[in-house]
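Visitor:
Number of protein chains: 2
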Amino acid sequence: MMRRTESETPRQPSQTAILRYLRVHGPAARIDIGTATGLSPATVTSLTADLMAQGLVRESEGGNGNTNGNTRGRPKVLLDLVPNAACVIGVKITINLIEIALGNFKGEIERSIEHSINTRDLGSEELTRTLIALIDRFVERNQDFCKHPPAGISIAVQGVTDSNSGEIIWSPALRHRHIPLVRSLTERYGGAVQMSNDANCIATAISQNTNLHDGGDFAVIMLGYGIGMGLVLNGNVYNGDFGTAAEFGHTKFQPDGPLCNCGRRGCLEAYIGDYAILRDARGLIDLPEANNLHPSEDQMMDLVARARNGDTGLAELFRHAGKVLGYGIANLIALLGPKQIFITGSGARAFDMMEPELRRGLAEAQVPELSRGPTITHLAWDKDLALQGAIGQSLLRHDENMFQAAGTAHN
Amino acid sequence: MMRRTESETPRQPSQTAILRYLRVHGPAARIDIGTATGLSPATVTSLTADLMAQGLVRESEGGNGNTNGNTRGRPKVLLDLVPNAACVIGVKITINLIEIALGNFKGEIERSIEHSINTRDLGSEELTRTLIALIDRFVERNQDFCKHPPAGISIAVQGVTDSNSGEIIWSPALRHRHIPLVRSLTERYGGAVQMSNDANCIATAISQNTNLHDGGDFAVIMLGYGIGMGLVLNGNVYNGDFGTAAEFGHTKFQPDGPLCNCGRRGCLEAYIGDYAILRDARGLIDLPEANNLHPSEDQMMDLVARARNGDTGLAELFRHAGKVLGYGIANLIALLGPKQIFITGSGARAFDMMEPELRRGLAEAQVPELSRGPTITHLAWDKDLALQGAIGQSLLRHDENMFQAAGTAHN
Numbered sequence: 001m002m003r004r005t006e007s008e009t010p011r012q013p014s015q016t017a018i019l020r021y022l023r024v025h026g027p028a029a030r031i032d033i034g035t036a037t038g039l040s041p042a043t044v045t046s047l048t049a050d051l052m053a054q055g056l057v058r059e060s061e062g063g064n065g066n067t068n069g070n071t072r073g074r075p076k077v078l079l080d081l082v083p084n085a086a087c088v089i090g091v092k093i094t095i096n097l098i099e100i101a102l103g104n105f106k107g108e109i110e111r112s113i114e115h116s117i118n119t120r121d122l123g124s125e126e127l128t129r130t131l132i133a134l135i136d137r138f139v140e141r142n143q144d145f146c147k148h149p150p151a152g153i154s155i156a157v158q159g160v161t162d163s164n165s166g167e168i169i170w171s172p173a174l175r176h177r178h179i180p181l182v183r184s185l186t187e188r189y190g191g192a193v194q195m196s197n198d199a200n201c202i203a204t205a206i207s208q209n210t211n212l213h214d215g216g217d218f219a220v221i222m223l224g225y226g227i228g229m230g231l232v233l234n235g236n237v238y239n240g241d242f243g244t245a246a247e248f249g250h251t252k253f254q255p256d257g258p259l260c261n262c263g264r265r266g267c268l269e270a271y272i273g274d275y276a277i278l279r280d281a282r283g284l285i286d287l288p289e290a291n292n293l294h295p296s297e298d299q300m301m302d303l304v305a306r307a308r309n310g311d312t313g314l315a316e317l318f319r320h321a322g323k324v325l326g327y328g329i330a331n332l333i334a335l336l337g338p339k340q341i342f343i344t345g346s347g348a349r350a351f352d353m354m355e356p357e358l359r360r361g362l363a364e365a366q367v368p369e370l371s372r373g374p375t376i377t378h379l380a381w382d383k384d385l386a387l388q389g390a391i392g393q394s395l396l397r398h399d400e401n402m403f404q405a406a407g408t409a410h411n
Numbered sequence: 001m002m003r004r005t006e007s008e009t010p011r012q013p014s015q016t017a018i019l020r021y022l023r024v025h026g027p028a029a030r031i032d033i034g035t036a037t038g039l040s041p042a043t044v045t046s047l048t049a050d051l052m053a054q055g056l057v058r059e060s061e062g063g064n065g066n067t068n069g070n071t072r073g074r075p076k077v078l079l080d081l082v083p084n085a086a087c088v089i090g091v092k093i094t095i096n097l098i099e100i101a102l103g104n105f106k107g108e109i110e111r112s113i114e115h116s117i118n119t120r121d122l123g124s125e126e127l128t129r130t131l132i133a134l135i136d137r138f139v140e141r142n143q144d145f146c147k148h149p150p151a152g153i154s155i156a157v158q159g160v161t162d163s164n165s166g167e168i169i170w171s172p173a174l175r176h177r178h179i180p181l182v183r184s185l186t187e188r189y190g191g192a193v194q195m196s197n198d199a200n201c202i203a204t205a206i207s208q209n210t211n212l213h214d215g216g217d218f219a220v221i222m223l224g225y226g227i228g229m230g231l232v233l234n235g236n237v238y239n240g241d242f243g244t245a246a247e248f249g250h251t252k253f254q255p256d257g258p259l260c261n262c263g264r265r266g267c268l269e270a271y272i273g274d275y276a277i278l279r280d281a282r283g284l285i286d287l288p289e290a291n292n293l294h295p296s297e298d299q300m301m302d303l304v305a306r307a308r309n310g311d312t313g314l315a316e317l318f319r320h321a322g323k324v325l326g327y328g329i330a331n332l333i334a335l336l337g338p339k340q341i342f343i344t345g346s347g348a349r350a351f352d353m354m355e356p357e358l359r360r361g362l363a364e365a366q367v368p369e370l371s372r373g374p375t376i377t378h379l380a381w382d383k384d385l386a387l388q389g390a391i392g393q394s395l396l397r398h399d400e401n402m403f404q405a406a407g408t409a410h411n
């Protein structure tokens with residue numbers, strides 16, 4: 001792999017930084033771009049002129065005075081990304097559902113479609129064929145917006161993934177393991193295909209939303225069927241050297257604890273995951289027969305309703321899940337000390353019942369000297385966040401490829 | 001804080017990279033520097049000419065042909081750091097021992113001295129006064145090598161430190177908590193003072209030793225009085241947003257487990273730390289009265305000898321400590337998946353008794369799909385490694401300050 005250094009291709013990282021800033025913050029004046037990126041006015045003027053010549057950025061007249069509240073004088077000229085400068089695809093694979101969305105260069109979702117498909121019946125090759133058919137049809141139907149092939153494809157998969165090699169290691173949505181999805185799709189679409197687990201995609205979406213996060217390191221914990229995590233360190237999603245980092249759900253609460261879906265015992269997930277809650281609930285009350293391994297949202301909402309309506313045994317399950325989560329977060333804080341921790345996912349449906357014990361568990365487990373630690377925020381579950389993040393990842397990669405190609409051509 | 005970007009000051013990060021490369025790899029030809037840093041031959045020639053003009057780098061004739069084994073032709077000209085281009089100070093504070101070392105610009109320890117001092121009797125101000133007196137006397141006695149004030153001072157402290165604010169939060173070497181050491185020393189020595197815990201310093205030393213590590217992310221676990229960790233992610237020691245990351249010893253093995261020195265229960269340290277082993281040993285056998293809270297090396301070596309000589313109860317303590325460590329490492333792998341894990345520290349004196357259970361515990365706790373994870377290496381305990389790392393940290397900071405100052409002057 002060739003290593004590039006900034007001193008030889010100095011314009012490219014700065015151009016990428018400008019695009020990234022405009023995508024996250026929206027239209028901005030040159031002076032504000034300069035302040036945020038640390039570039040001098042002259043450099044900003046020169047680089048944005050390039051970006052405008054390439055059709056990536058355009059001028060638009062903003063409100064008077066913009067951020068400083070001064071309403072007199074000439075209107076400030078704002079720079080903005082050109083929405084149709086690129087079209088990228090985001091795909092999300094969850095149990096029995098494949099969603100596809102089309103994003104513009106600003107990172108906005110323009111169109112999306114859902115397909116109910118029995119994902120667990122698909123073998124490795126069938127999955128690839130199905131995805132290619134769905135993506136091709138989707139792009140064809142949206143030819144008015146999207147050129148073929150799209151500038152980037154990013155796939156969010158529930159489960160354990162190797163983001164480096166592009167392999168699905170294990171997913172509750174699929175019966176088969178070790179599916180080299182990126183390799184198969186790259187044969188069809190070229191190098192612009194990437195894959196990550198859904199928690200990483202959600203972390204990307206949060207990192208691009210300045211309303212949510214304040215610029216420090218953060219973790220997003222996904223409650224649901226399993227317990228996932230996305231980790232953003234120094235501004236980037238952290239995947240680790242093996243591409244499989246942030247498997248928070250398989251850190252341990254208790255050695256020899258209850259059996260986890262991973263085959264080991266005592267993982268956080270074996271207390272907090274939907275399947276674990278349902279398993280314990282069946283030991284407490286009679287429940288209608290249904291899919292134990294992959295509980296539906298209706299099944300889980302029924303348990304939550306019973307707990308809220310006075311079933312103290314069920315309520316205790318959610319409280320205990322909260323305590324276990326608090327202990328897990330204490331370990332996370334001891335090891336990494338992130339500035340913010342977000343908790344979201346469909347499993348956060350019962351967060352109000354979990355939270356008091358979560359806070360108590362955290363206080364019990366955490367070294368007092370480290371307790372000035374992170375803020376812990378419940379983020380209402382937005383199922384589009386993963387798709388949004390997949391689109392964001394595609395665009396980050398697209399920006400890099402664009403300038404790397406340009407750099408190579410010039411050298 | 002001003003943000004710098006590479007496009008405006010492109011020479012500085014590249015110069016820092018060249019110094020860092022020479023410090024880690026020793027004398028090297030321009031062509032090898034270029035290959036390693038990704039800089040073009042012309043850029044290397046220009047930047048190294050600058051560094052030579054500044055008296056930081058010099059030419060020396062190396063062996064014939066150097067790395068390629070070709071012994072014919074002209075001898076290759078190698079570049080090397082000028083040892084006396086800077087002098088920095090490393091200080092190490094452990095229980096009742098303060099060590100001071102003087103490092104040259106190449107990162108080699110030139111002189112060092114040990115002071116037996118009852119550190120636990122020192123208050124915050126006394127500690128500062130003592131350190132200033134010791135450092136000043138040391139520098140004065142080594143005036144032949146070191147100008148006053150030294151170009152950098154880096155302090156390694158056993159315990160929990162906030163590397164961002166420069167505060168000792170808690171150390172077994174000190175009775176008082178929350179000591180703003182860096183602030184106090186900065187009043188005397190200016191901005192070139194930094195502090196970190198000993199594990200972070202050891203991580204720095206390892207990151208600068210290509211014989212030990214292969215360039216990926218790694219963690220170093222320090223066994224001893226307590227259990228520390230240094231974490232190197234993307235080439236830099238990771239301190240987290242609160243400056244207190246990598247408190248591996250206070251992640252949990254078991255809720256409601258034995259009492260830890262931190263005041264909580266079930267931390268890894270409460271099973272593996274010297275004080276924990278000694279506490280349990282006193283429950284098994286009669287031992288001479290001695291310092292329970294701060295066991296001496298002799299006390300610990302006595303326990304190890306008894307375990308090796310057939311005391312099955314004591315042997316089981318070390319085996320169980322190994323199991324707990326294995327579970328802790330499984331959590332670390334799940335969360336971060338580093339490429340290498342090193343285990344060292346004075347507590348590794350019993351590593352051979354711990355290792356089989358460590359491997360078993362790790363296998364028991366780890367998700368099978370993530371088991372292709374890191375290599376785990378026992379690193380023989382070298383008590384100079386922390387001082388070596390403190391010197392290394394001082395030089396990294398010195399390089400940055402030097403070019404930042406130069407950049408500011410030019411702008």
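So the sequences go chain by chain: L and R.
According to UniProt numbering, the stretch in the first sequence is residues 1 to 411, in order.
According to UniProt numbering, the stretch in the second sequence is residues 1 to 411, in order.
Ideal placement from N, C-alpha and C gives every residue a C-beta, glycine not left out.
Here the structure is a predicted model, which is why all the values come from computation and not from measurement.
Could you check where the alpha helix (DSSP H) with R:I33 kicks off and where it finishes?
Guide: If you number the second sequence from 1, residue 33 of chain R lands on position 33. R:I33 -> alpha helix (DSSP H) spans R30 to T37.
Visitor: Pick from R:S154, R:Y238 and R:A330: whose alpha carbon is nearest that of L:R265?
Guide: Within the first sequence, residue 265 of chain L is the residue found at index 265, counting from 1. Selected option, being the one with the closest Cα: R:A330.
Visitor: Is there at least one Cβ from chain R nearer than 8 Å to L:N70's Cβ?
Guide: Along the first sequence, read from residue 1 onward, the residue named residue 70 of chain L stands at position 70. With a pLDDT of only 49 at L:N70, under the threshold of 50, the placement of this residue in the model should not be trusted, and no figure is reported.
Visitor: Check the C-beta distance from R:M353 over to R:A315 and give it rounded, since I have them as a contact under 8 Å.
Guide: Taking the second sequence and counting its residues from 1, one reaches residue 353 of chain R at position 353. Taking the second sequence and counting its residues from 1, one reaches residue 315 of chain R at position 315. Right, their Cβ atoms sit about 6 Å apart.
Visitor: Assuming R:I169 contacts R:H178 under a Cβ cut-off of 8 Å, what Cβ separation, rounded to an integer in Å, is found between them?
Guide: On the second sequence, position 169 is the one that residue 169 of chain R refers to. On the second sequence, position 178 is the one that residue 178 of chain R refers to. So it is a contact: roughly 6 Å between Cβ atoms.
Visitor: Could you check whether R:L78 and R:L122 sit closer than 8 Å to each other, using their CB atoms as the reference points?
Guide: Position 122 of the second sequence, counted from the first residue, corresponds to residue 122 of chain R. Position 78 of the second sequence, counted from the first residue, corresponds to residue 78 of chain R. Against a cut-off of 8 Å, the Cβ pair of R:L78 and R:L122 comes out as no contact.
Visitor: How long is the line joining the alpha carbons of L:E61 and L:I33, rounded to whole angstroms?
Guide: Looking up residue 61 of chain L in the first sequence gives position 61. Looking up residue 33 of chain L in the first sequence gives position 33. Spanning the two alpha carbons is a distance of roughly 16 Å.
Visitor: Where does L:V82 fall in DSSP's three states?
Guide: Numbered from 1 along the first sequence, position 82 holds the residue referred to as residue 82 of chain L. L:V82: coil per DSSP, three-state reduction.
Visitor: In angstroms with no decimal places, state the Cα-to-Cα distance between R:N68 and R:K76.
Guide: For the purposes of this step, residue 68 of chain R is taken as the residue at position 68 of the second sequence. For the purposes of this step, residue 76 of chain R is taken as the residue at position 76 of the second sequence. For R:N68, the predicted model reports a pLDDT of 49, less than 50, meaning its position is unreliable; a value from the coordinates is still stated below. Taking the straight line from one Cα to the other gives about 11 Å.
Visitor: Is L:L370 buried or exposed, if buried means 16 or more other CB atoms sit within 10 Å of its CB?
Guide: Residue mapping note: residue 370 of chain L aligns to position 370 of the first sequence, counting from 1. Under this definition L:L370 is a buried residue.
Visitor: Keeping to the same chain, check which residues put their C-beta closer than 8 Å to that of L:I109; ignore five residues upstream and five downstream.
Guide: Indexing the first sequence from 1 puts residue 109 of chain L at position 109. The answer, listed in chain order, is G90, A101, L102, G103, D384, L387, Q388 and I391.
Visitor: In three-state terms, what does DSSP make of L:H115?
Guide: Within the first sequence, numbered from 1, the residue matching residue 115 of chain L stands at position 115. L:H115: strand per DSSP, three-state reduction.
Visitor: Examine chain L for any beta-carbon lying closer than 8 Å to the beta-carbon of R:Q254, and answer yes or no.
Guide: The residue you call residue 254 of chain R lines up with position 254 of the second sequence. Closer than 8 Å: yes.
Visitor: So with CB distances below 8 Å, who are the chain R contacts of L:V160?
Guide: Working through the first sequence from its first residue, we reach residue 160 of chain L at position 160. Residues of chain R passing the Cβ test: V367, E369 and L370.
Visitor: How close, in whole Å, do the beta carbons of R:Q299 and R:L278 come, if the pair is a contact with beta carbons under 8 Å?
Guide: As a working mapping, residue 299 of chain R is identified with position 299 in the second sequence. As a working mapping, residue 278 of chain R is identified with position 278 in the second sequence. Correct: roughly 7 Å between the Cβ atoms.
Visitor: Give the interface partners of L:E114 over in chain R, defined as CB-CB distance under 8 Å, in chain order.
Guide: Position 114 of the first sequence holds residue 114 of chain L. Under the 8 Å cutoff, chain R gives no residues; its nearest Cβ is about 29 Å from L:E114.
Visitor: Count the other CB atoms, across all protein chains shown, that sit within 10 Å of the CB of L:R372; report buried if there are 16 or more and exposed otherwise.
Guide: Position 372 of the first sequence, counting from 1, holds the residue named residue 372 of chain L. L:R372 is exposed by the Cβ-count criterion.
Visitor: Can you tell me the Cβ-Cβ gap for R:P150 and R:V88, rounded? I've got them flagged as a contact below 8 Å.
Guide: Position 150 of the second sequence, counting from 1, holds the residue named residue 150 of chain R. Position 88 of the second sequence, counting from 1, holds the residue named residue 88 of chain R. That belief holds up - the Cβ atoms of R:P150 and R:V88 are roughly 6 Å apart, short of 8 Å.
Visitor: So, using beta-carbon positions, are L:V220 and L:Y271 closer together than 8 Å?
Guide: On the first sequence, position 220 is the one that residue 220 of chain L refers to. On the first sequence, position 271 is the one that residue 271 of chain L refers to. Contact flag unset, no.
Visitor: Can at least three beta-carbon pairs, one atom from the stretch 35–53 of chain L and one from the stretch 355–362 of chain L, be found at a separation below 8 Å?
Guide: No, the stretch 35–53 of chain L is not in contact with the stretch 355–362 of chain L.
Visitor: Is DSSP giving L:R20 helix, strand or coil here?
Guide: For the purposes of this step, residue 20 of chain L is taken as residue 20 along the first sequence, with counting starting at 1. Three-state DSSP puts L:R20 in a helix.
Visitor: Run through chain C and tell me which residues come within less than 7 Å of L:L336, C-beta to C-beta.
Guide: Of the chains in the structure shown, none is chain C; the protein chains are L and R.
Visitor: What residues from chain L crowd round R:F248, counting only those whose CB sits closer than 8 Å?
Guide: Locating residue 248 of chain R in the second sequence gives position 248, counting from the first residue. Under the 8 Å cutoff, chain L gives A334 and L335.
Visitor: What in chain R is Cβ-close to L:C201, meaning under 9 Å?
Guide: Position 201 of the first sequence, counting from 1, holds the residue named residue 201 of chain L. Residues of chain R passing the Cβ test: none, with the nearest at roughly 18 Å.
Visitor: Check whether the Cβ atoms of R:L212 and R:M195 sit closer than 8 Å, and answer yes or no.
Guide: As a working note, residue 212 of chain R is residue 212 in the second sequence. As a working note, residue 195 of chain R is residue 195 in the second sequence. Not in contact: R:L212 and R:M195 (Cβ atoms no closer than 8 Å).
Visitor: Select from R:V44, R:I333 and R:N401 the residue whose C-alpha is nearest the C-alpha of R:P374.
Guide: Locating residue 374 of chain R in the second sequence gives position 374, where the first residue counts as 1. Out of R:V44, R:I333 and R:N401, R:I333 has the C-alpha closest to the C-alpha of R:P374.
Visitor: Does the stretch 279–298 of chain R come close enough to the stretch 231–243 of chain R that 3 or more CB-CB pairs lie under 8 Å?
Guide: The stretch 231–243 of chain R is not in contact with the stretch 279–298 of chain R.
Visitor: Going by other Cβ atoms of all chains shown within 10 Å of its Cβ, with 16 needed for buried, is R:Q143 buried or exposed?
Guide: Indexing the second sequence from 1 puts residue 143 of chain R at position 143. So R:Q143 counts as exposed.
Visitor: State the beta-bridge partners of L:F218 as determined by DSSP.
Guide: By 1-based counting over the first sequence, the position of residue 218 of chain L is 218. Note: L:F218 sits in a beta bridge opposite L:V232 and L:Q340.
Visitor: What is the rounded straight-line gap between the Cα of L:Q340 and the Cα of R:R397?
Guide: Translated into the one-based positions of the first sequence, residue 340 of chain L becomes position 340. Translated into the one-based positions of the second sequence, residue 397 of chain R becomes position 397. Each residue's alpha carbon lies about 28 Å from the other.
Visitor: Going by DSSP, what residue range makes up the alpha helix (DSSP H) through R:S60?
Guide: As a working note, residue 60 of chain R is residue 60 in the second sequence. Per DSSP, R:S60 belongs to no alpha helix (DSSP H); it is in the beta strand (DSSP E), V57 to E61.
Visitor: Quick one: what does DSSP say R:V88 is sitting in, helix, strand or coil?
Guide: Indexing the second sequence from 1 puts residue 88 of chain R at position 88. Correct three-state label for R:V88: strand.
Visitor: Helix, strand or coil for R:L174 per DSSP?
Guide: What you label residue 174 of chain R is simply residue 174 of the second sequence in a count that begins at 1. In the structure shown, R:L174 sits in coil (DSSP, three-state: anything other than H, G, I, E or B).
Visitor: Check whether chain R comes within 8 Å of L:D217, counting only Cβ atoms and requiring the distance to be less than that.
Guide: Locating residue 217 of chain L in the first sequence gives position 217, where the first residue counts as 1. Taking Cβ atoms only, chain R reaches closer than 8 Å to L:D217, which makes this a yes.
Visitor: Can you list, in chain order, the residues of its chain whose CB lies under 6 Å from that of R:L19, leaving out five sequence neighbours each side?
Guide: For this step, residue 19 of chain R is matched to residue 19 along the second sequence. Only D399 meet the Cβ criterion.
Visitor: Would the beta-carbon of L:L335 fall within 8 Å of that of R:F248?
Guide: Against the first sequence, residue 335 of chain L aligns to sequence position 335. Against the second sequence, residue 248 of chain R aligns to sequence position 248. Yes; because the gap between Cβ atoms is below 8 Å, this pair is in contact.
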